[in-house]
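Data block below; observations after.
Numbering (this note's numbering), first residue to last: 1 to 805.
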């Protein structure tokens with residue numbers, strides 16, 4: 001019979017208004033799947049979705065490892081030379097978060113019994129995911145479960161779960177089964193690329209889990225296993241260990257069943273009695289496929305060593321180390337919005353998740369979903385450089401460098417890809433990849449996006465302008481720039497039909513609803529900037545580091561005349577402009593196409609890509625996302641302000657924003673053009689894209705580029721910040737309904753805070769030797785002795801009078 005216990009009231013979660021806390025709402029299946037993504041924890045290598053610990057959970061993979069993948073062959077009925085042969089697909093790895101609880105023989109399951117209270121919240125200051133559950137079993141036993149989960153900051157630091165069970169009103173046996181479970185997709189599950197019977201190309205194929213190889217043993221009860229992929233040859237190790245305390249005697253047992261590991265604990269609890277488990281799960285992988293793979297024993301030892309170190313440090317110190325690392329991050333990245341604290345919290349959440357998803361080892365980058373879900377197979381795209389990397393350049397430059405080092409490490413794969421695509425020299429980065437090979441089986445909207453080369457070059461320049469890191473330029477950056485610039489001269493030609501201008505044909509821009517076009521504005525403008533910068537770097541190295549340039553030129557066969565060719569092509573680059581309308585067409589044919597029937601499109605036929613054949617979309621004036629608009633944002637100095645204003649109005653009318661990348665870019669440009677109401681609406685759409693599940697697919701994983709887009713819309717849009725050329729420039733404005741905003745960033749060894757109110761902008765030097773910056777047409781020189789400057793806020797005139805165009 002249940003008995004009454006004298007226990008303190010059940011502690012609720014922190015209030016939802018806390019500016020540093022994200023609180024769960026709802027326990028239904030759809031909500032739990034979304035929360036699994038939102039409550040993802042990671043350290044750039046490990047990503048663990050925010051599942052509840054007990055059984056009855058999502059059947060999707062729980063733990064994702066950045067850069068760990070299997071090679072899946074691509075089969076074509078009709079194939080041509082240069083088609084991608086295989087896809088890198090991130091593999092499911094064993095889930096160590098599983099803790100099954102049985103109370104008096106009744107398993108804890110949120111779908112049975114009665115949930116009396118269930119609170120979950122993520123603290124952005126500490127990186128700890130908290131949970132508090134009060135559950136009554138069908139037989140009337142009431143139990144409390146309180147847990148904390150964190151991922152240790154250091155790679156490959158483990159996942160640590162502090163799990164405490166308290167008997168509230170019963171005396172009975174409590175059993176815990178702590179598991180390390182390989183992922184086995186249920187046989188009845190639909191293919192991964194289908195959701196509710198509808199094909200979704202954003203999801204990848206079902207992937208076979210790596211094969212079990214051996215068990216591994218360590219000191220103090222540490223046990224794990226090693227698995228290895230069949231085709232990529234990557235080894236993965238997972239290991240777990242426990243520390244247990246209880247009011248009574250605990251009977252432990254360890255069970256191995258095939259490749260599943262279960263650690264059993266049994267004890268009897270009286271009312272008010274507790275059982276506490278600290279569970280640590282570590283992962284290791286030999287993911288460097290460019291070197292010699294480690295053997296199984298070495299991979300297993302790495303996981304064991306990570307666990308041994310974590311246990312020796314202890315949970316309090318691990319928690320403090322995680323908190324300290326985040327405190328250091330927020331010193332450079334913190335952001336706040338006065339008058340709209342929910343939006344400030346949203347951008348903080350977005351920055352937190354972006355940092356968690358970014359690879360830091362030089363072997364990996366940022367996947368479209370980070371390590372938060374199955375979407376896009378774990379692939380890296382162009383948005384790593386155009387969206388994620390700019391944020392990290394100004395908030396965590398060491399991570400930005402590591403991402404660019406990944407691009408250098410995969411440069412040989414880009415050279416191979418260029419040869420397969422028919423280019424005699426140079427390198428072409430793949431549209432989607434993990435290991436460095438092209439993984440896109442649909443070339444019109446994949447491999448045809450040659451702008452990926454210019455995107456990577458843009459990221460190199462942005463990093464260099466913000467850091468002045470010449471070591472990176474000499475060791476990595478120059479080779480990336482030169483090899484990728486070579487391709488444009490092979491791609492384009494001086495076209496007499498366009499007055500001898502340099503034209504680029506048969507490419508696809510960022511707008512994937514318009515494919516295989518001539519003179520895509522974004523591609524041409526970015527290629528122009530790429531060629532100019534590559535030539536400038538070659539000239540600079542020739543002056544300042546001639547030995548380094550000579551060594552690189554010899555290694556890649558770079559002729560003296562090539563940089564001159566780059567400069568010539570850049571000067572002659574054709575950028576489409578339509579005189580009658582006064583706008584920049586997206587490409588040569590876009591204005592000739594039939595307008596899409598927006599009014600006649602059923603509401604349930606969005607996103608269009610899931611309901612219409614690509615050729616239908618290609619024939620119409622309809623944009624999936626910002627394309628030309630993005631060019632205006634990234635290169636404001638190349639376009640006349642009035643043409644940008646007219647073009648923005650045109651593209652607003654034909655863009656459906658089916659991509660989550662789109663809203664932040666439109667918001668950025670709207671702010672620069674003084675259209676503050678629109679800018680705020682677009683900003684909200686990108687800031688809340690996952691917290692409010694605005695595209696109804698957050699359950700598949702977080703939208704990393706869109707999260708980064710919220711920072712871009714605020715800092716580069718509302719604050720008017722850009723720094724190409726090495727000089728930080730600001731032209732701040734304040735959107736309606738806000739009392740002010742502030743943010744921090746790193747620039748050339750300095751930490752600066754920008755605070756904007758209704759009538760002034762203040763710039764403060766928080767650390768560093770000092771720098772000069774521009775506020776509109778005025779200059780401020782910040783030094784440790786004169787660390788602050790305040791300027792009046794310019795009136796915002798719609799049309800772009802305040803914009804740095």
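Beta carbons: idealized from backbone N, C-alpha and C, even for Gly.
Here the alpha carbon of residue 512 sits roughly 10 Å from the alpha carbon of residue 626. For residue 686, the closest alpha carbon among the candidates 700, 672, 658 and 673 is that of 658.
Its chain contains 74 and 84 as the residues whose beta carbon lies nearer than 6 Å to that of residue 441, once the 5 sequence neighbours on both sides are disregarded; these appear in chain order. Comparing C-alpha distances from residue 54 to each of 11, 139, 79 and 163 shows the shortest one belongs to 163. Of 617, 237 and 179, the smallest CA-CA separation from residue 264 is found for 179. Boundaries for residue 656: no alpha helix (DSSP H) harbours it, and the DSSP string shows neither H nor E there. Fewer than three pairs of CB atoms, one per stretch, sit closer than 8 Å, so the region 693-711 makes no contact with the region 618-632. Bounds of the beta strand (DSSP E) holding residue 73 are 69-73. Rounded to the nearest angstrom, the Cβ distance from residue 103 to residue 137 is 6 Å, consistent with a contact under 8 Å. In the DSSP assignment, residue 633 falls within the alpha helix (DSSP H) that extends over 628-634. Annotation for residue 683: the continuous alpha helix (DSSP H) segment containing it runs 676-687. Collapsing the DSSP output to three states places residue 93 in coil. Of all C-beta pairs linking the region 591-609 to the region 648-662, three or more are shorter than 8 Å, placing the two stretches in contact. Beta-carbon to beta-carbon, residue 14 and residue 23 are separated by about 7 Å, close enough to satisfy the 8 Å threshold. Taken in chain order, the whole alpha helix (DSSP H) runs of length 4 or more contained in the region 551-589 are 562-571.
The Cβ atoms of residue 676 and residue 595 do not sit closer than 9 Å to each other. Here residue 178 carries a strand assignment [DSSP, helix/strand/coil]. As the crow flies, the alpha-carbon of residue 728 is around 6 Å from that of residue 722.
When the five nearest sequence neighbours on each side are left out, the beta carbons in the same chain lying within less than 6 Å of the beta carbon of residue 520 are those of 507, 509 and 587, in order along the chain.
Where residue 421 is concerned, there is no enclosing beta strand (DSSP E), because DSSP gives it neither an H nor an E. Between residue 357 and residue 370 a beta carbon distance of about 3 Å is seen, short of the 8 Å cut, so the two are scored as contacting. Excluding its 5 nearest sequence neighbours in each direction, residue 660 has C-beta neighbours in its own chain below 6 Å: 689, 695, 703 and 706, listed in chain order. In the structure shown, residue 169 falls within a coil segment according to DSSP collapsed to helix, strand and coil. Distance from the Cα of residue 420 is smallest, within the candidate group 768, 98 and 443, for 443.
Counting other Cβ atoms within 10 Å of its Cβ, residue 772 stays below 16 and is therefore classed as exposed.
Per DSSP, the continuous alpha helix (DSSP H) segment holding residue 669 begins and ends at 662-672. The criterion of a C-beta distance shorter than 9 Å is not satisfied by residue 91 and residue 176. Distance from residue 437 to residue 428 at the Cβ level is roughly 11 Å; contact not present, criterion being Cβ atoms closer than 8 Å. Rounded to the nearest whole angstrom, the C-alpha separation of residue 793 and residue 761 is 6 Å. According to the DSSP assignment, residue 711 belongs to the alpha helix (DSSP H) that extends over 704-712. The criterion of a C-beta distance shorter than 9 Å is satisfied by residue 434 and residue 379.
Secondary structure of residue 494 (DSSP, three-state): strand.
As the crow flies, the alpha-carbon of residue 668 is around 22 Å from that of residue 400. Listed as beta-bridge partners of residue 285 by DSSP are 236. Rounded to whole angstroms, the gap between the alpha carbons of residue 243 and residue 279 is 7 Å. Annotated as distal: residue 241 and residue 227, with beta-carbon spacing of 9 Å or more.
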